[in-house]
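First up is the structure itself, then whatever we jot down about it.
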Amino acid sequence: MERELSSLLSDGPVLLSFYPNDFTPDCIEEWCSFRDYDWFASGGEVQVVGVSKSRPATHRRFIDYLGIQFPLYIDSDLGVASKYGVKYRVFKTVHRAKRSCFLIDQSGVVRYAWVSDHPIDPTLGQPPLGEIHEAIVDSFGSEPETFGF
């Protein structure tokens, strides 16, 4: 299913998370972290949305395998990643998105951005959930009841 970012934003702020591919070890770790910080699922303040080149069937298996509740969208030509400046050529061969997160308010303004600067490969590394939490509280002014484990 295609969705415009503007339609997602009409439901509230979005944490747009680019990641390289479903089922890679770092991606599993990232999405388990988002899942396990149940504040993202229950806080209602921010929608977490994943974006990668993975196919629809792979996304469905990944969602089921990890038991995540976040929508994952396909950026097959990396057009969205290009617009956010995170398109990357892995080891100078395969195009992917750098692992990155953008907190976007309902007006479409990026309030926080994190892009992996891993020394070997920017598709590696993990989003700093503590920083993301602070950015959400700073941007939207509400402290969730729970955050973390």
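Residue numbers (the working numbering): 1248 to 1396.
C-beta: ideal position from N, C-alpha, C; glycine also.
Just to confirm my understanding: we take residue i, look at its own chain, exclude 5 residues before and 5 after, and list those with CB closer than 6 angstroms. What are they?
{"i": "Tyr1359", "result": "Leu1350 and Ala1382"}
{"i": "Thr1305", "result": "Asp1269"}
Run through the DSSP bridge pairs and tell me what residue i is partnered with.
{"i": "Tyr1320", "result": "Val1298"}
{"i": "Ile1351", "result": "Val1261 and Val1357"}
{"i": "Arg1346", "result": "Paired residue(s): none; Arg1346 is not in a bridge."}
{"i": "Arg1250", "result": "Note: Arg1250 sits in no beta bridge, so no partner."}
{"i": "Lys1334", "result": "Ala1344"}
{"i": "Val1362", "result": "Ser1347"}
Within 10 angstroms of its Cβ, does residue i collect 16 or more other Cβ (buried), or is it exposed?
{"i": "Ser1280", "result": "exposed"}
{"i": "Gly1395", "result": "In this prediction, Gly1395 has a pLDDT of 44, which is less than 50 and means its spatial position is unreliable; nothing more can be read from the coordinates."}
{"i": "Asp1364", "result": "exposed"}
{"i": "Phe1338", "result": "exposed"}
{"i": "Asp1322", "result": "buried"}
{"i": "Pro1374", "result": "buried"}
{"i": "Pro1366", "result": "exposed"}
Using 9 angstroms as the threshold, is the C-beta distance between residue i and residue j below it?
{"i": "Tyr1270", "j": "Lys1345", "result": "Per the sequence shown, the amino acid found at residue 1270 is Phe instead of Tyr. Not a contact, by the Cβ cut-off of 9 angstroms."}
{"i": "Lys1300", "j": "Arg1250", "result": "no"}
{"i": "Tyr1320", "j": "Val1296", "result": "yes"}
{"i": "Leu1252", "j": "Gly1355", "result": "yes"}
{"i": "Leu1256", "j": "Asp1385", "result": "no"}
{"i": "Leu1371", "j": "Asp1273", "result": "yes"}
Can you give me the Cβ contacts of residue i inside the same chain, cut-off strictly under 8 angstroms, excluding the 5 residues immediately before and after it?
{"i": "Val1293", "result": "Gly1259, Pro1260, Val1261, Leu1262, Phe1287, Leu1350, Ile1383 and Phe1387"}
{"i": "Leu1313", "result": "Ile1275, Trp1278, Cys1279 and Arg1282"}
{"i": "Glu1378", "result": "Tyr1359 and Trp1361"}
State yes or no: is the C-beta of residue i nearer than 8 angstroms to some heavy atom of the ligand NAP?
{"i": "Phe1349", "result": "By its list of ligands, the structure shown contains no ligand whatsoever, and the ligand NAP lies outside what it can speak to."}
Which residues in the same chain have their Cβ closer than 7 angstroms to the Cβ of residue i, if we skip the five residues on either side of it in sequence?
{"i": "Val1333", "result": "Phe1265, Ala1344, Lys1345, Ser1347 and Val1362"}
{"i": "Leu1376", "result": "Ser1280 and Tyr1284"}
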